[in-house]
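*Asks:* Take a look at this one; I'll ask things after.
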């Protein structure tokens, strides 16, 4: 039974924390160490963690000055002693058998990826929508297959997130892989995964849905109207270009990166519910970033009329609840392809 280090960054999570910790400790897979990093919480999260740590010796509790989720995860990695590593968020739901399902398929795999469920929760804690992403049980060994899973728009968000995966600690240590602490608004998961996957020989896909991610509607006005989220997008684009891709993977990176970056750009563009002025500034910044990286692209950026129509359609569909989550809209393969073809033809 392989030892798994479960890293949980915590910040002001008292509302959901007890359920998450109880679910982890109740796992039938017992060979885990639970590393809790309290990132300067201002509520009673630390006290809740202390209570659990006193009851179970598998828990290692660390307190640090607030430095962000990336720094907290890096702290967890520094303390992890398991052969494999898992990352869990403080407010999500896990399958009662997550580590049974994932560990059963380890074999010689460097990474094990389970299915996931994405939920949108409103301010009243009501479920607005839910999408499951499950995978056919399969082992990816060929670099072409891995590249396809990484970049192709058709694939089901295989490597965008951390929490449904197991990582071999030896690879993390050997290549000194860490989370980029410059990130503040997301995409750190995807960048870490891209770095990690570029070092993998074998990846195992597991069919069971093992993790339920809850995206709660934003309530902070300052966050909604903060165009600095583009800075994270810039870091993502610049850093992903520095990854030393296998020579068999690189052509697929070249082929798919425009649609990949466009998809992420649109996600940022819509996610933060910005006012008109900030939306315009963000759109300009995204265009400049794509241009700066000399990414070959269809006419969607230059064809401003069609691009505005596309964004208008996005807005209307969201308003009418035709698509209840951004994932349904932004990651809807047939929809995006249809719009890209339409715009390119224009």
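Residue numbers (full-length UniProt numbering): 1 to 346.
Idealized CB from N, CA, C, for every residue including glycine.
1) Here's a check: name, in chain order, each residue in its chain whose Cβ is nearer than 8 Å to the Cβ of residue 15, leaving out the five neighbours to either side.
2) For residue 49, which of helix, strand or coil comes out of DSSP?
3) Quick one: is residue 3 buried, meaning 16 or more other Cβ sit within 10 Å of its Cβ, or exposed?
4) Does the stretch 19–31 come close enough to the stretch 71–79 that 3 or more CB-CB pairs lie under 8 Å?
5) Classify residue 96 as buried or exposed, calling it buried when 16 or more other Cβ atoms lie within 10 Å of its own Cβ.
6) What does the Cβ neighbour count give for residue 111, buried or exposed, with the cut at 16 atoms within 10 Å?
7) Can you give me the C-alpha to C-alpha distance between residue 231 and residue 55, rounded to a whole angstrom?
8) Could you tell me the distance, in whole angstroms, from the CA atom of residue 8 to the CA atom of residue 169?
9) Determine contact between the stretch 183–199 and the stretch 99–109, defined as no fewer than three beta-carbon pairs at a distance below 8 Å.
10) Could you tell me the alpha carbon to alpha carbon distance between residue 50 and residue 63, rounded to whole angstroms?
11) Buried or exposed for residue 78, please, with buried defined as at least 16 other CB atoms from any protein chain shown within 10 angstroms of its CB.
12) Might you give, ordered along the chain, the residues of its own chain that have their beta carbon closer than 7 Å to the beta carbon of residue 108, omitting 5 neighbours on each side?
13) Tell me whether the stretch 135–151 and the stretch 240–254 touch, counting them as touching only if at least three CB pairs, one residue from each stretch, are closer than 8 Å.
14) I'd like to confirm the pairing. Which residues does DSSP put opposite residue 347 in its beta bridges?
15) According to DSSP, is residue 64 part of a helix, a strand, or is it coil?
16) Figure out for me which residue from 191, 199, 210 has the closest Cα to the Cα of residue 240.
17) Check each candidate in 125, 205, 5, 189 and name the one with the smallest Cα separation from residue 136.
18) When DSSP builds the beta bridges, which residues end up paired with residue 351?
19) What do you reckon, are the CB atoms on residue 94 and residue 166 nearer than 9 Å?
20) Less than 9 Å separating the beta-carbons of residue 60 and residue 21?
21) Pick helix, strand or coil for residue 249, following the three-state DSSP scheme.
22) If you draw a straight line from the alpha carbon of residue 85 to that of residue 161, how long is it in whole angstroms?
23) For residue 6, which of 133, 76, 40 has the nearest alpha-carbon?
24) Which of helix, strand or coil does DSSP assign to residue 167?
25) Check residue 138 in the structure and name its three-state DSSP category.
26) Would the beta-carbon of residue 208 fall within 9 Å of that of residue 134?
27) What's the call for residue 300, buried or exposed, on a 16-neighbour Cβ count within 10 Å?
28) Quick check on the burial criterion: 16 or more other C-beta atoms within 10 angstroms. Buried or exposed for residue 57?
29) What is the rounded straight-line gap between the Cα of residue 224 and the Cα of residue 122?
30) How close, in whole Å, do the beta carbons of residue 44 and residue 10 come, if the pair is a contact with beta carbons under 8 Å?
31) Go to residue 32, then tell me how far its beta strand (DSSP E) extends in each direction, as first and last residue.
32) Between which two residues does the beta strand (DSSP E) containing residue 86 stretch?
33) Taking C-beta to C-beta, are residue 115 and residue 211 nearer than 9 Å?
34) Please list the terminal residues of the continuous alpha helix (DSSP H) segment that includes residue 189.
35) Report buried or exposed for residue 175, applying the criterion of at least 16 other Cβ atoms within 10 angstroms of its Cβ.
36) Using a Cβ-Cβ cutoff of less than 8 Å, which residues in the same chain neighbour residue 140 once the five nearest sequence positions on both sides are dropped?
*Replies:* So, from the data block:
1) Non-local beta-carbon contacts of residue 15 in its own chain, meaning distances under 8 Å to residues more than five positions away in sequence, involve 91 in chain order.
2) In the structure shown, residue 49 adopts helical secondary structure according to DSSP, grouped into three states.
3) The Cβ neighbour count for residue 3, taken over all protein chains shown within 10 Å, is under 16; the residue is labelled exposed.
4) No, because fewer than three Cβ pairs between the stretch 71–79 and the stretch 19–31 fall closer than 8 Å, the two stretches do not touch.
5) Counting every other CB atom within 10 Å of its CB across the protein chains shown gives residue 96 a total below 16, marking it as exposed.
6) Label assigned to residue 111: buried.
7) C-alpha of residue 231 to C-alpha of residue 55: approximately 42 Å in a straight line.
8) Cα to Cα, the separation comes out at about 16 Å.
9) With the cut-off at 8 Å, the stretch 183–199 and the stretch 99–109 do not touch.
10) So the alpha carbons of these two residues sit roughly 11 Å apart.
11) Taking all protein chains shown into account, residue 78 has fewer than 16 neighbouring C-beta atoms within 10 Å of its C-beta and is therefore exposed.
12) Correct list, in chain order: 202.
13) Taking a cut-off of 8 Å for Cβ pairs, the stretch 135–151 and the stretch 240–254 touch, as three or more such pairs fall below it.
14) Nothing can be reported for residue 347, as the shown portion of the chain is limited to 1 through 346.
15) The answer is strand: DSSP assigns residue 64 an E or B state.
16) Nearest neighbour of residue 240 by Cα position, chosen from 191, 199, 210, turns out to be 191.
17) That would be 205, whose Cα lies nearest to the Cα of residue 136.
18) Residue 351 lies beyond the residue range present for the chain, which begins at 1 and ends at 346; the question has no answer from this structure.
19) Against a cut-off of 9 Å, the Cβ pair of residue 166 and residue 94 comes out as no contact.
20) Contact flag unset, no.
21) The three-state secondary structure of residue 249, taken from DSSP, is coil.
22) Roughly 14 Å between the two C-alpha positions.
23) Distance check between residue 6 and each of 133, 76, 40 places 76 closest, using alpha-carbon atoms only.
24) Looking at residue 167 - three-state DSSP - the assignment turns out to be strand.
25) Correct three-state label for residue 138: strand.
26) Pairing residue 208 with residue 134 gives a Cβ-Cβ distance under 9 Å.
27) Only weak support exists for where residue 300 lies, its pLDDT of 37 falling under 50; the coordinates are left without a value.
28) Result: exposed.
29) With a pLDDT of 49 at residue 224, under the threshold of 50, the modelled position of this residue cannot be trusted, and the question is left open.
30) At roughly 11 Å, the Cβ-Cβ gap does not stay under 8 Å, so residue 44 and residue 10 are not in contact.
31) Residue 32: member of the beta strand (DSSP E) spanning 32–39, first to last residue.
32) Where residue 86 is concerned, the enclosing beta strand (DSSP E) stretches over 84–87.
33) Yes; because the gap between Cβ atoms is below 9 Å, this pair is in contact.
34) 188–197 is the span of the alpha helix (DSSP H), which, as asked, contains residue 189.
35) Burial state of residue 175 is exposed, judged by a 10 Å Cβ sphere holding fewer than 16 other Cβ atoms.
36) Correct list, in chain order: 146, 149, 202, 203, 204, 205.
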